[in-house]
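Protein chains in written order, with this note's numbering: chain P, 74 to 405; chain H, 13 to 302; chain G, 11 to 261. C-beta atoms are modelled at their ideal positions from N, C-alpha and C, and glycine is treated no differently.
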Amino acid sequence: MSVMGPSANPVFTARRFGWVILLAIVLVVLPWVLPPYQTILLSYGLIFAIAALGFNLLLGYTGLLSFGHSAYFGVGAYTVAFLVKYLHTSSMELFLIGGIVASAAISVLFGVICVRYTRIFFAILTLALSQVLWSLALKFYWVSGGTDGLRVPTPSLLGGLVGATKDKVAFLSHTYYFVILVAFAACVGVMWVIVNSPFGKALQAIRDNETRAAFVGIQVRRFRGLAFLISGLFTGLAGTLWAPLNGLVTPDIVYWPFSGRIVFLTVLGGFRTFTGPIIGALVFNYLETYAIAATTYWQFVLGAILVVLVMAMPAGIVGTVGRLGLRLRRAT
Amino acid sequence: MDLFVIQILNSLYYASTLFLIACGLTLIYGVMRIVNLAHGSLYALGAYVTAGVVLALDTIHPAVVFLLLPAGAFAAAAGGALLEPSILRPLYQRAEEYQLLATFGLLLILEDVMRFLWGALPLSPSTPADLLGSSTILASTYPNYNFLVIAVGFVAAAGTWAFVYRTRFGVLVRATSQDMRMASALGVDVKRVYVQAFTLGCFLAGLGGAITVPISGAAMGMGVDALILAFVVVVIGGLGSLEGAFVGAIIVGVIRTLGINFFPEVELAILYLIAAVILLVRPVGLFGRP
Amino acid sequence: MTLLATSKLTKYFGDTHAVDRVDFSVREGEVLALIGSNGAGKTTLVNLISGLLPPDSGTIAFRGADVTALPVHERIQAGIARSFQIVNLFDQLSTLDNIALPIFSRKGKIRRLSSLAERDSTVRDEAQEILQEFGLHHKVSVPAGDLAQGERKLLDVAVAYGLRPSLLFLDEPTSGVSTREKAPIMDIITCVVRAGRITAVVIEHDMDVVFKYADRIVVMHQGSILAEGTPEQIWRNEQVTTTLLGTRPSA
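In structure tokens, the structure reads:
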């Protein structure tokens, strides 16, 4: 885990690899250890981790704060809902293909528009565009189901080989959990390669010094556009995985406070490291669940945490823990 | 014909509300380069405070009810005066993105504060509206209270303009917004200008909420909805421009009124699209300076 | 052979003629010093040629081809690079990464997202070599933002050098460092430039540096070229010394 920023060398030591293997084993074994509710809860966390990973490619690595990522999550989720509604299919494979294609299309469209700007204007533009989608989802109720939303039944895998079972909870907490886990692992792997590739370094260069990036031959706008596309794709995939898990798709997930939530959990975990967004998504997942259970004023709790984070701990959880760890190591 | 007149009045009513919120937002950005995501929440706070006060005391005397109306504006102003030095000031030196994050956190906090104080159910302090009755315009009736809202909007526009362009404080505000460092070097107490400008902006937002609450009521989430619309106005008119907020409010008011009547499904979408198009074609807005 | 030639290149900032119908040329292989008082237009000229600013009128020809309308990345591909007076580095990236980037760019590898940057040994080795030449090899993993000022100035030049340009513009490479650091920095730079047979244009204020390292000098004043010639010619040029007000260098 790097503390200086995503740029530090990704030391691929045996020790690190050991931790990853251990974690993988734990994650695989969990459905037989935990009650179904907990596994499903973790599934939600992993989905948001995928969304946050995508989001952070733009924020942490390219230096662009998007307040409109609910658009891609929503497109991913609604694509699944539309496939169910209009094609009467429940094939997970079709869901994934449809979701990815749709997210890519919207990301390209919005990206071409948005990357001409940076900073505040970029943020507001992403917000405005996501609101366009939200208002369509809300108002065209005969297509989108309006505020009632659209139902999504449990999907079938491998063309019906693994069918939509009668026991929905068992399906979601076992089979579907593994679908999400595989997707999560794939996303982590792919994103890790991307941020450590020459392209990833170029994005960080653009983040650090846009002018100099141009003067080492990087076509800044094009790279930002590509980062935007990848970012939207990951978040859209998260939405696609989310729809069958949640069972219901409503305009809430396209509404801008949902984008704020993605921003929040990334900042919570720390946007300057690779693992920060993953940790942030998981922590937020449990924080929100238990906060909602503990008090009706959980928004206050989240808001207060965010303000404290920004004021005192801009490095987020992972960054701050990392810094403390570094200090500890230096002291001993 | 009278439908046409009603539409114009509705547009002006709506524009008036929007102007009050957007004016505050643009003033704050113009002076301090801060984008306050919690601005809509201060509008909502104004609505809730006035609603609470009117509902509690409306049986006293009709005139008192009208005197109580601005209560929300003062509450929002007080809120602003507290928030700026405590939460926003430490962030000026840091990247703009941190302001967005911090003010988003504020938004979440304020939403729940309002829910805690006034509950989750909507409030309808309709007494002031009822008291003023309605007039007959050609063949239709129109609430007289709406005229009051339109009037307040215009007075606020004129007042803010006069404040910024005709008073000594306004000179300081303009100087600070044009060149903060130079103003500071020339002896302007920038910290004071900032907190005063922020308070004024919050006052206007709160006034917007307070003056419209007898008609629209106060409900959860109104701040969030209002913020986005205020953004659209400010993007169209130009971030930091008073004239822009005025013109932008009228444009959005007209489009919204026409939209609700003639193409209700896409009315919202069209507004956001216009904002997006303006950001593409002329990002500084109609009246903004690059 | 003339590597670069501008023809009536002009840039206004409001009413000011920052660069006023300038015919500026650079010969292949030379180290040219561009001098003049503050506001003479030196940096603006370099900004125009490197592509940071668009000219109001006039043309720029590089190796005979018109590059006036080319975007920055295409000028870099053509072989023009520059360093910056106020250091422009990727502060959160390591020193090595800073140098690796122009190398990836030059080799057309910068768009790759399916391979790990650290694993590319060709690029890493070349980056290490360049750092060695610039005396920065002991700071390989240090983030650029943590380097000392003198090291940052060197790195700024090294990043441009990593592009292996034909024509390298150096904007005040020794400004902002203490006097005793200037000569070592300049020594490294000229050594590298001459070894790589790179044509260099150096904007400098320090006349000692100028007269020690330049093959040819171009003097700018108020947006125009006042004089050009060898150091001796410029030394003897009364107009130049009067305009630049007592800048006769020591020894």
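- request: Rounded to whole angstroms, what's the CA-CA distance from H/Leu292 to H/Phe166? Just pull it up for me.
  value: 30 angstroms
- request: Leaving aside the five residues before and after H/Gly145 along the sequence, list all residues of the same chain whose C-beta is less than 7 angstroms from its C-beta, in chain order.
  value: Counting only Cβ-Cβ distances below 7 angstroms, and skipping sequence neighbours, we find Asn156.
message: Tell me which residues share the same chain as P/Ala124 and place their Cβ nearer than 8 angstroms to its Cβ, disregarding the 5 neighbours each side in the sequence.
response: Beyond the five residues adjoining it in sequence on each side, P/Ala124 comes within less than 8 angstroms, by CB distance, of His142, Phe146, Phe307, Thr308, Ala311, Gly312, Ile335, Ala354 in the same chain, given in chain order.
query: When the cut-off is 7 angstroms and only beta carbons count, does P/Val383 lie next to chain H?
result: yes
field: G/Cys201 classed as buried or exposed, judged by whether at least 16 other C-beta atoms fall within 10 angstroms
entry: exposed
task: State buried or exposed for H/Trp130, treating a residue as buried only when at least 16 other CB atoms are found within 10 Å of its CB.
output: buried
query: Can you name the residues that DSSP bridges to G/Lys21?
result: G/Val29
- prompt: Are the Cβ atoms of H/Ala89 and H/Phe175 separated by less than 7 angstroms?
  reply: no
Spatial neighbours of G/Ala110 in its chain, beta-carbon cut-off 6 angstroms, leaving aside the 5 residues before and after: Val133, Ala137
query: How many angstroms separate the CA atom of P/Ser80 from the CA atom of G/Glu128?
result: Note that P/Ser80 scores 42 on pLDDT, short of 50, meaning its location in the model is unreliable; the coordinates nonetheless yield the value given after this. About 11 angstroms.
message: I'd like to know whether the C-beta of P/Gln372 is nearer than 7 angstroms to at least one C-beta of chain H.
response: yes
Unbroken stretches of the alpha helix (DSSP H), 4 residues or longer, contained in the segment 223-278 of chain P: 241-246, 248-268
- prompt: Cα separation between P/Leu314 and H/Leu95?
  reply: 40 angstroms
message: Please report the distance separating the alpha-carbon of H/Asn22 from that of H/Leu239.
response: 20 angstroms
query: Which residues, in order along the segment 29-59 of chain G, keep a beta-carbon less than 8 angstroms from a beta-carbon of chain P?
result: none
message: Tell me which residues share the same chain as G/Lys149 and place their Cβ nearer than 7 angstroms to its Cβ, disregarding the 5 neighbours each side in the sequence.
response: Thr105, Leu157, Glu161
- request: Tell me whether G/Phe72 sits in a helix, a strand or coil according to DSSP, three-state version.
  value: strand
- prompt: In chain order, what residues of the segment 265-282 of chain P put their CB closer than 8 angstroms to some CB of chain G?
  reply: Within the segment 265-282 of chain P, the qualifying residues are Val266, Ile267, Asn269, Ser270, Pro271, Phe272, Gly273, Lys274, Ala275, Gln277, Ala278, Arg280, Asp281, Asn282.
Cβ neighbours of G/Ile45 in the same chain (closer than 8 angstroms, five flanking residues each side left out): Lys52, Ile213, Glu214, His215, Met217, Val220, Ile227, Val228, Val229, Met230, Leu254
query: Taking C-beta to C-beta, are H/Ile33 and H/Ala242 nearer than 7 angstroms?
result: yes
task: Assign G/Met11 to one of two classes, buried (16 or more other C-beta atoms within 10 Å of its C-beta) or exposed (fewer than that).
output: exposed
field: Which residues DSSP lists as bridging G/Leu228, in chain order
entry: Reading off the sequence shown, one finds Val at residue 228 of chain G, where the question assumed Leu. Answer is G/Leu44, G/Glu238, bridged to G/Val228.
- request: Answer yes or no: do H/Phe362 and P/Gly333 have a C-beta to C-beta separation smaller than 7 angstroms?
  value: The structure shown does not extend to residue 362 of chain H, since chain H is modelled only from 13 to 302, so the question has no answer here.
query: Using the C-alpha atoms, what's the distance from G/Ile199 back to G/Glu143?
result: 9 angstroms
field: Option in H/Gly300, H/Gly233, H/Leu270 with minimal Cα separation from H/Val54
entry: Residue identity check: residue 54 of chain H is Leu in the sequence provided, not Val. Closest by C-alpha distance to H/Leu54, out of H/Gly300, H/Gly233, H/Leu270, is H/Gly233.
task: Would you verify that the beta carbon of G/Ile70 is, or is not, closer than 7 angstroms to some beta carbon of chain P?
output: no
task: Tell me whether the beta-carbon of H/Tyr177 lies closer than 7 angstroms to the beta-carbon of P/Val205.
output: Between H/Tyr177 and P/Val205, the gap from beta carbon to beta carbon reaches 7 angstroms or more.
- request: For H/Ala288, return the contacting residues in chain P, with the cut-off set at a CB-CB distance below 8 angstroms.
  value: Ile186, Leu198, Ala201, Leu202, Val205
- prompt: If we count the other Cβ atoms within 10 Å of its Cβ and call it buried at 16 or more, is H/Gln111 buried or exposed?
  reply: buried
- prompt: Any Cβ of chain P within less than 7 angstroms of the Cβ of G/Ile120?
  reply: yes
- request: Kindly list the residues whose CB is nearer than 8 angstroms to the CB of G/Ile120, restricted to its own chain and excluding five residues on each side of it in sequence; keep chain order.
  value: Leu111, Phe114
query: At a CB-CB cut-off below 9 angstroms, which residues of chain H make contact with P/Leu360?
result: Chain H residues near P/Leu360: none, gap ~13 angstroms exceeds 9 angstroms.
message: Distance check for P/Ala210 and P/Leu169, CA to CA, integer angstroms please.
response: Approximately 21 angstroms, taken between the alpha carbons.
message: Could you check whether the Cβ of P/Ser208 sits closer than 7 angstroms to any Cβ belonging to chain H?
response: yes
- prompt: Taking the C-alpha atoms as reference points, what is the distance between G/Leu236 and G/Ala15?
  reply: 17 angstroms
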